[in-house]
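Engineer: Per this note's numbering, residue 98 is the first one in the sequence shown, and the count goes up by one each step.
From the three backbone atoms N, C-alpha and C, an ideal C-beta is built for every residue, glycine too.
Next up is a structure, given as structure tokens.
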Amino acid sequence: MDFLYYILTGGILLITSPFLLLRGLVSFAFRKDIKERLNGAKALPKLKDSLWIHASSVGEV
């Protein structure tokens, strides 16, 4: 079953990579969006007296 998964993901990567590369060369907004997604949030607002709550679902909060 793992073999099938690797074959499918490899095939999808081979098929989609030229399209993503072409889109990245043409569109500045796409390149900016990809950089933000890969690097993460750099400038988070500094909130004083804040409480951060982490939950995996809304039902836990």
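According to DSSP, simplified to helix, strand and coil, what is G137?
Structural biologist: If you number the sequence shown from 1, residue 137 lands on position 40. Three-state DSSP puts G137 in coil, outside helix and strand.
Engineer: Please state whether DSSP places I150 in a helix, a strand or coil.
Structural biologist: For the purposes of this step, residue 150 is identified with residue 53 of the sequence shown, where counting begins at 1. Note: I150 maps to coil in three-state DSSP.
Engineer: Terminal residues of the continuous alpha helix (DSSP H) containing P115?
Structural biologist: Stepping through the sequence shown from its first residue, residue 115 is reached at position 18. Unbroken alpha helix (DSSP H) run through P115: D99 to V123.
Engineer: Using the C-alpha atoms, what's the distance from Y103 back to H151?
Structural biologist: Here residue 151 is taken as the residue at index 54 of the sequence shown, counted from 1. Here residue 103 is taken as the residue at index 6 of the sequence shown, counted from 1. Approximately 33 Å between the Cα atoms of the pair.
Engineer: Put K143 into one of helix, strand or coil per three-state DSSP.
Structural biologist: Mapped onto the sequence shown, residue 143 falls at position 46. Of the three classes helix, strand and coil, the one that applies to K143 here is coil, per DSSP.
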